[in-house]
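S.K.: Below are the structure tokens for one structure; questions will follow.
Numbering (the numbering used here), first residue to last: 34 to 83.
Below, the structure written as structure tokens:
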């Protein structure tokens with residue numbers, strides 16, 4: 034299991050943005066989102082296909 038708590042906020046957000054951009058597995062993106070929400074970080078709204 035990936036230890037998300039070790040990632041800085043900046044790295045976490047960069048990873049999330051790149052994962053969405055590259056259309057990686059939904060499960061991985063959801064793991065990132067769970068950690069983003071746990072930290073009370075804001076996720077920019079993304080349009081589908083953007």
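For every residue, glycine included, the Cβ atom is placed at its ideal position computed from N, Cα and C.
Straight-line CA distance for residue 78 to residue 54?
M.R.: What you label residue 78 is simply residue 45 of the chain shown in a count that begins at 1. What you label residue 54 is simply residue 21 of the chain shown in a count that begins at 1. In a straight line, the C-alpha of residue 78 is about 13 Å away from that of residue 54.
S.K.: Determine the direct distance from the alpha carbon of residue 36 to that of residue 68, and round the result to whole angstroms.
M.R.: What you label residue 68 is simply residue 35 of the chain shown in a count that begins at 1. What you label residue 36 is simply residue 3 of the chain shown in a count that begins at 1. Cα to Cα, the separation comes out at about 10 Å.
S.K.: Skipping 5 residues on each side, what residues in its chain have a beta carbon closer than 8 Å to that of residue 48?
M.R.: To locate residue 48, count along the chain shown from 1; it is residue 15. So the list reads 40, 65, once near-sequence residues are dropped.
S.K.: Which of the three DSSP states is assigned to residue 64 in this structure?
M.R.: As a first step, residue 64 must be located in the chain shown, where it is residue number 31. Three-state result, residue 64: helix.
S.K.: Could you round the C-beta distance between residue 50 and residue 74 to whole angstroms and report it? I think they count as a contact, below 8 Å.
M.R.: For the purposes of this step, residue 50 is taken as the residue at position 17 of the chain shown. For the purposes of this step, residue 74 is taken as the residue at position 41 of the chain shown. Incorrect: roughly 12 Å between the Cβ atoms, too far for contact.
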